[in-house]
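**Q** Chains as they are written, first to last, in the numbering used here: chain A, 6 to 135; chain B, 6 to 135; chain C, 6 to 135.
Note that CB positions come from ideal geometry on N, CA and C, so glycine has one too.
Take a look at the following structure, please.
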Amino acid sequence: MVKKFNIHSRSQIDFIDITLEILKSVEESNTINGFCYIFIPHTTASVTINENADPDVVFDIKKALEKIVPFEENYKHLEGNSAAHIKASLMGSSEIIFIESGKLVLGTWQGIYFCEFDGPRTRNVLIKIT
Amino acid sequence: MVKKFNIHSRSQIDFIDITLEILKSVEESNTINGFCYIFIPHTTASVTINENADPDVVFDIKKALEKIVPFEENYKHLEGNSAAHIKASLMGSSEIIFIESGKLVLGTWQGIYFCEFDGPRTRNVLIKIT
Amino acid sequence: MVKKFNIHSRSQIDFIDITLEILKSVEESNTINGFCYIFIPHTTASVTINENADPDVVFDIKKALEKIVPFEENYKHLEGNSAAHIKASLMGSSEIIFIESGKLVLGTWQGIYFCEFDGPRTRNVLIKIT
Numbered sequence: 006m007v008k009k010f011n012i013h014s015r016s017q018i019d020f021i022d023i024t025l026e027i028l029k030s031v032e033e034s035n036t037i038n039g040f041c042y043i044f045i046p047h048t049t050a051s052v053t054i055n056e057n058a059d060p061d062v063v064f065d066i067k068k069a070l071e072k073i074v075p076f077e078e079n080y081k082h083l084e085g086n087s088a089a090h091i092k093a094s095l096m097g098s099s100e101i102i103f104i105e106s107g108k109l110v111l112g113t114w115q116g117i118y119f120c121e122f123d124g125p126r127t128r129n130v131l132i133k134i135t
Numbered sequence: 006m007v008k009k010f011n012i013h014s015r016s017q018i019d020f021i022d023i024t025l026e027i028l029k030s031v032e033e034s035n036t037i038n039g040f041c042y043i044f045i046p047h048t049t050a051s052v053t054i055n056e057n058a059d060p061d062v063v064f065d066i067k068k069a070l071e072k073i074v075p076f077e078e079n080y081k082h083l084e085g086n087s088a089a090h091i092k093a094s095l096m097g098s099s100e101i102i103f104i105e106s107g108k109l110v111l112g113t114w115q116g117i118y119f120c121e122f123d124g125p126r127t128r129n130v131l132i133k134i135t
Numbered sequence: 006m007v008k009k010f011n012i013h014s015r016s017q018i019d020f021i022d023i024t025l026e027i028l029k030s031v032e033e034s035n036t037i038n039g040f041c042y043i044f045i046p047h048t049t050a051s052v053t054i055n056e057n058a059d060p061d062v063v064f065d066i067k068k069a070l071e072k073i074v075p076f077e078e079n080y081k082h083l084e085g086n087s088a089a090h091i092k093a094s095l096m097g098s099s100e101i102i103f104i105e106s107g108k109l110v111l112g113t114w115q116g117i118y119f120c121e122f123d124g125p126r127t128r129n130v131l132i133k134i135t
């Protein structure tokens with residue numbers, strides 16, 4: 006079954022740590038050994054796994070993405086948010102994480118981030134656990 | 006079982022909407038609840054999920070990728086298509102999409118694109134449904 | 006069950022071909038038809054699939070990534086390795102490969118690379134086969 010939860014981004018580019026929500030879903034599923042799939046059903050948002058100890062890491066990732074794909078750049082798409090679409094495709098719309106002994110298998114420094122590129126908005130995160 | 010279909014790219018960089026072909030494969034599999042895995046068995050092509058309403062979005066994504074990874078750049082690889090290899094790794098070789106009630110779980114604006122970076126060529130797309 | 010193996014990167018940015026190790030794990034699992042999931046439990050390393058015939062391809066990918074995300078760039082993160090975190094998120098922490106007739110389904114030119122962005126270090130690669 007697909008589980009869905011809402012998320013509220015607070016700025017145009019916003020990385021939100023969803024590790025605890027994902028952990029909770031895994032616990033509720035009572036899965037001992039399997040996979041947790043995360044899917045973002047939006048074309049201007051993504052999911053990524055990166056450090057959640059020092060918030061400066063996320064600050065630097067957001068700044069670097071903005072430099073690689075500037076918001077203003079003579080894009081053709083009239084809605085004006087092409088940079089958000091490009092960032093979303095570069096970062097990807099899904100992640101898979103192993104579940105062992107009822108726990109997510111993540112490295113010491115790894116957290117799961119919802120990546121907003123065209124906020125602020127209310128968004129959905131989809132999860133499927135097997 | 007792995008299903009394979011052919012695709013013909015028409016230019017060096019070409020994004021081809023394969024959503025309908027993937028939908029057809031899901032329907033033919035009679036899967037009610039599961040996953041659709043897409044894998045591109047090439048090193049200069051990718052798959053991505055992004056907007057398929059306004060074609061200008063794809064135009065802007067292709068142009069941005071060309072700016073981030075220019076085709077001409079004193080590459081060492083003698084075949085001359087290193088830019089295509091780099092784009093392929095940045096965009097990724099696989100996607101996973103949930104299947105619920107016999108349907109692909111995609112957001113309103115999401116379509117699935119085969120991304121050619123070294124065309125025109127005949128290419129394969131591999132699908133596995135569980 | 007999650008299988009783990011160690012890898013030793015030899016420089017700051019280092020792509021290591023792990024295709025043979027993955028093939029061996031698939032053989033040992035005696036899986037005829039299924040999936041091989043690869044997950045990198047680090048925030049400054051990744052996994053990617055690309056050409057393993059001409060080593061110049063990997064040389065060009067590493068050089069391009071260094072140009073897109075320079076190591077020195079007034080980053081805020083005090084550890085000084087933000088560029089490695091950014092590259093890791095751009096390249097992704099997992100790959101999925103189909104298994105058919107007991108073999109990995111890879112294209113003719115495809116190999117699997119562990120991507121080090123903050124080496125040299127000893128790293129882990131996690132594999133799960135279903």
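(1) Measuring CA to CA, which of Thr49(C), Asn55(C), Gly112(C) is closest to Thr53(A)?
(2) The beta strand (DSSP E) with Lys29(B) in it runs from where to where?
(3) Could you say which of Gly85(C), Val63(C), Ile104(C) lies nearest to Asp123(C) if we only look at CA atoms?
(4) In its own chain, which residues sit with a C-beta less than 8 Å from the C-beta of Lys81(B), not counting the 5 before and 5 after it?
(5) Is the CB of Ile102(C) under 8 Å away from at least one CB in chain A?
(6) Per DSSP, Arg128(C) forms a beta bridge with which residues?
(7) Determine the direct distance from the alpha carbon of Glu26(B) to that of Arg126(B), and round the result to whole angstroms.
(8) For a contact meaning CB atoms closer than 7 Å, what does Ser98(B) contact in chain F?
(9) Could you check what DSSP says for Phe122(B) in three-state terms: helix, strand or coil?
(10) Let me know the alpha helix (DSSP H) ranges lying completely inside the region 58-126 of chain B, each 4 residues or longer, listed in chain order.
(11) Contact criterion: CB-CB distance below 8 Å. Does Tyr118(B) meet it with respect to chain C?
(12) Within a Cβ cutoff of 7 Å, which residues of the same chain sit near Asn35(C), ignoring the five residues on either side of it in sequence?
(13) Measuring alpha carbon to alpha carbon, tell me which of Phe103(B), Ser106(B), Ser98(B) ends up nearest Phe103(C).
(14) List the residues that DSSP assigns as beta-bridge partners of Ile43(A).
(15) To the nearest angstrom, report how far apart Glu33(C) and Ile43(C) are at their CA atoms.
(16) I'd like to know whether the C-beta of Val7(B) is nearer than 8 Å to at least one C-beta of chain C.
(17) Among Ser16(A), Ile37(A), Thr24(A), Phe119(A), which one has its Cα closest to the Cα of Lys108(A)?
(18) Taking the alpha carbon of Trp114(A) as the point to measure from, which residue in Met96(A), Val63(A), Phe40(A), Phe76(A) has its own alpha carbon closest?
(19) Within the 8 Å Cβ cut-off, does Gly112(A) reach chain C?
(20) Please compile the residues from chain A whose C-beta is within a distance smaller than 8 Å of the C-beta of Val62(B).
(21) Using the Cα positions of Ala58(B) and Lys9(C), report the straight-line distance between them to the nearest angstrom.
(22) Looking at chain A, is there any beta carbon in it that lies within less than 8 Å of the beta carbon of Ile73(C)?
(23) Give the single residue among Gly39(A), Thr24(A), Ser30(A), His90(A) whose Cα lies nearest to the Cα of Ser51(A).
**A** The answer reads as follows:
(1) Taking Thr53(A) as reference, the option from Thr49(C), Asn55(C), Gly112(C) with the minimal CA-CA separation is Thr49(C).
(2) In the DSSP assignment, Lys29(B) falls outside any beta strand (DSSP E) and within the unbroken alpha helix (DSSP H) covering 24-34.
(3) Here the closest residue by C-alpha is Gly85(C).
(4) Ser87
(5) It does not: the Cβ of Ile102(C) has no partner Cβ on chain A nearer than 8 Å.
(6) DSSP lists Ile12(C) as the beta-bridge partner residues of Arg128(C).
(7) Approximately 19 Å, taken between the alpha carbons.
(8) Note that chain F does not occur in the displayed structure, where the protein chains are A, B and C.
(9) coil
(10) Look at the region 58-126 of chain B and you find these whole runs of alpha helix (DSSP H), each 4 residues long or longer: 60-73, 87-96.
(11) no
(12) none
(13) Ser98(B)
(14) Glu100(A), Ile132(A)
(15) About 16 Å.
(16) At least one chain C Cβ lies under 8 Å of Val7(B).
(17) Ile37(A)
(18) For Trp114(A), the nearest C-alpha among the options comes from Val63(A).
(19) By this cut-off, Gly112(A) is an interface position.
(20) Thr48, His82, Ser87, His90
(21) A direct Cα-Cα distance of roughly 43 Å separates Ala58(B) from Lys9(C).
(22) yes
(23) His90(A)
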